[in-house]
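Residue numbers (the numbering used here): 59 to 492.
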C-alpha cells in the first residue's frame with residue numbers, strides 16, 4: 059500500500075520556492091490577543107477576525123495540535139485518490155470512490171482551488187447527527203428569537219463505515235442529504251421538518267421536501283434564491299456549514315497559502331462560557347462572540363464567485379479559509395454586491411474522540427460512541443452581520459440547558475435507524491412529524 063506523505067511536508071519545498079517569505083507573528087501559546095495587543099498578531103488575522111477582536115473578543119492562544127485522519131478514511135484515500143479526476147473546469151468529479159479526493163495540492167495547478175473545495179465537501183463521515191439551539195442576537199446582545207431542533211446528514215457516496223458501501227444507490231446520484239427537525243421551538247416552527255438533497259451531477263440542482271404540521275402534508279420545494287435569509291436569522295441556505303453551495307454554481311481560485319489563528323480545539327463543549335458575555339441586552343455583540351482557544355493553522359485562502367445564480371444573489375464573493383490538514387472550513391468572509399465585508403462565519407471546532415468524561419449523556423438506540431479516531435465536534439458557531447451588528451449563534455448542544463434536557467448529542471458514523479437512506483424520504487417526514 060502506498061504510504062501517504064503528510065501534506066505539509068510534501069509541499070514545504072514548493073512553498074519556500076514559490077511564495078514570498080512569510081513574516082512570522084510574535085504570538086505564542088499562552089498569549090491572549092486583545093484589541094490592545096492586536097498589532098502583534100496582525101499577520102495571523104483575517105479582516106473578519108480583526109473586526110471581532112477590535113470589538114472586544116479575546117483570542118486565547120494555545121499550542122497548535124495536529125489532527126490525524128481517521129484510519130478507515132486514510133486507508134480509502136491511499137487506495138483510491140490516484141484515480142480521481144476533475145472536469146476541465148473543475149466543476150465535476152470523476153472516478154471518486156471514497157476517502158480524500160486530492161491529498162496533495164499543487165498551488166500552480168489551475169484547478170487547485172477546486173481540489174481544495176472538493177476535499178472540503180468529502181469529509182470522513184457516512185452519517186452525522188446532533189441537537190442544537192440557534193439564537194438570533196440583536197445589536198444590544200439580547201435574544202430576539204430561538205430555534206431548537208435536531209439536525210442530521212448522510213453522505214451517499216464515499217461510504218467507508220456503514221452499509222451500503224461505498225455508495226447508497228439513488229437515481230440521480232446523491233452527494234449528500236440533510237434533515238432539519240422536527241423543531242421544538244419556536245411555536246410557529248414547532249413540528250416542521252425539512253430535507254435537502256445535493257445531487258452529484260453538475261446540472262442537477264438541489265431540491266427537497268418540507269413537512270407542515272398545520273396541514274400534515276409534505277410538499278416538494280426548490281430554492282429560488284439560495285442567498286435569502288431564513289427565518290429571521292442571518293443564515294441563508296448556501297451559508298449552512300459555511301459553504302453549502304453546489305460547486306458547479308461557483309468559480310474558485312486560490313488567493314494565498316498562509317498561517318492564521320483559527321479554532322480547531324476550542325476547549326468548550328456545552329458550556330455557556332463559550333460566549334464572551336451574557337445575553338442580557340446590555341453586553342452588545344460580545345454576547346455572540348466566542349471566548350475559546352485559538353491556534354496557528356496553515357490554510358488555503360480561496361475566493362468563490364457565484365456564477366450559476368440569478369443576478370439577485372446577495373453576495374458578490376465569499377472568501378473561505380480551509381485548513382490544510384483537515385480540509386475543514388475554519389473561517390469565512392461574505393461580501394456584499396459593493397464588495398464590502400458584510401458577514402463573517404466562524405465554526406468553533408473541538409476535535410476529540412470524547413468531548414467530556416461522561417459523553418454521551420443520552421445514547422441513541424444502535425449507537426456505540428466508541429471512537430478511536432478524533433472527530434470534528436462543533437459545539438459553537440457564529441455568523442455575524444457586520445452591517446447590523448447582529449448575529450446568529452448555534453450551540454450544539456445548548457450550554458444553557460441541563461444535560462438531562464438534551465435529547466441527543468453529536469454522533470459520527472453510527473448505525474442508528476433515524477439516519478439511513480430510508481430516513482431521507484417524504485414518508486419519513488410524515489412519520490416523524492406526527
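For each residue, glycine too, the CB sits at the ideal point set by N, CA and C.
>> Within a Cβ cutoff of 7 Å, which residues of the same chain sit near residue 128, ignoring the five residues on either side of it in sequence?
In response: Closer than 7 Å at the Cβ level, and outside the excluded window around residue 128, lie 182 and 431.
> Near residue 374, which residues of its chain fall below 7 Å by C-beta distance, leaving aside the five closest residues on each side in sequence?
Replying inline: Cβ neighbours of residue 374 beyond the five flanking positions: 393, 394, 395 and 397.
>> Quick check: what's the CA-CA separation for residue 502 versus residue 97?
In response: A question about residue 502 goes unanswered here, because the residues of the chain that appear run from 59 up to 492.
> Got a sec? Which residues, its chain only, sit under 8 Å from residue 279 by beta carbon, not counting five neighbours each side?
Replying inline: 265, 266, 267 and 268
> Under a three-way DSSP split, which group does residue 105 fall into?
Replying inline: Three-state result, residue 105: helix.
> According to DSSP, is residue 380 helix, strand or coil?
Replying inline: strand
> By Cβ distance below 7 Å, which residues in the same chain neighbour residue 130 in space, the five residues on each side in sequence not counted?
Replying inline: 218 and 219
> Between residue 115 and the rest of its own chain, which residues show a CB-CB distance below 8 Å, the 5 nearest in sequence each way excluded?
Replying inline: A distance below 8 Å between beta-carbons, with the five flanking residues on each side excluded, links residue 115 to the following residues of its chain, in chain order: 334, 344, 347, 348 and 349.
> Are residue 26 and residue 466 close, meaning C-beta to C-beta below 8 Å?
Replying inline: Nothing in the structure corresponds to residue 26, since the chain is present only between 59 and 492.
> Mind checking residue 454: buried by the 16 CB within 10 Å criterion, or exposed?
Replying inline: buried
>> Beta-carbon within less than 6 Å of residue 408's beta-carbon, same chain only, minus the 5 sequence neighbours each way: which residues are those?
In response: Apart from the 5 residues on each side of it in sequence, residue 408 sits with its Cβ closer than 6 Å to the Cβ of 324, 327, 435 and 437 in its chain, given in chain order.
> Helix or strand or just coil, what does DSSP make of residue 485?
Replying inline: Helix.
>> Tell me the rounded alpha-carbon separation between residue 176 and residue 148.
In response: 9 Å
> Quick one: what does DSSP say residue 388 is sitting in, helix, strand or coil?
Replying inline: Collapsing the DSSP output to three states places residue 388 in a strand.
> Counting along the chain, where does the beta strand (DSSP E) carrying residue 100 start and finish?
Replying inline: No beta strand (DSSP E) holds residue 100; DSSP gives it neither H nor E.
>> Whole angstroms are fine: how far does the CA of residue 248 sit from the CA of residue 203?
In response: 13 Å
> Since residue 375 sits in a beta bridge, which residues does DSSP pair it with?
Replying inline: Looking at the DSSP assignment, residue 375 forms a beta bridge with 393.
> Would you say the segment 299-315 touches the segment 154-173, given that touching needs at least three Cβ pairs under 8 Å?
Replying inline: Counting C-beta pairs with one atom in each stretch, the segment 299-315 and the segment 154-173 have three or more that are closer than 8 Å, which means they touch.
> Can the beta-carbon of residue 254 be found closer than 8 Å to that of residue 277?
Replying inline: Contact: no.
> Out of curiosity, what's the CA-to-CA distance linking residue 459 and residue 141?
Replying inline: 48 Å
> Rounded to the nearest angstrom, how far is the Cβ of residue 352 from that of residue 111, given a contact under 8 Å?
Replying inline: That pair is no contact at about 10 Å.
> Are residue 101 and residue 156 closer than 8 Å when you measure CB to CB?
Replying inline: no
> Going straight from the alpha carbon of residue 15 to that of residue 450, what length do you get?
Replying inline: No answer is possible for residue 15: the residues shown for the chain start at 59 and end at 492.
> When the Cα of residue 122 is compared with those of 286, 354, 487 and 421, which residue comes out closest?
Replying inline: 354
> Got a sec: does the ligand MG put a non-hydrogen atom nearer than 7 Å to the Cβ of residue 407?
Replying inline: Ligands in the displayed structure: none, and consequently the ligand MG is not present.
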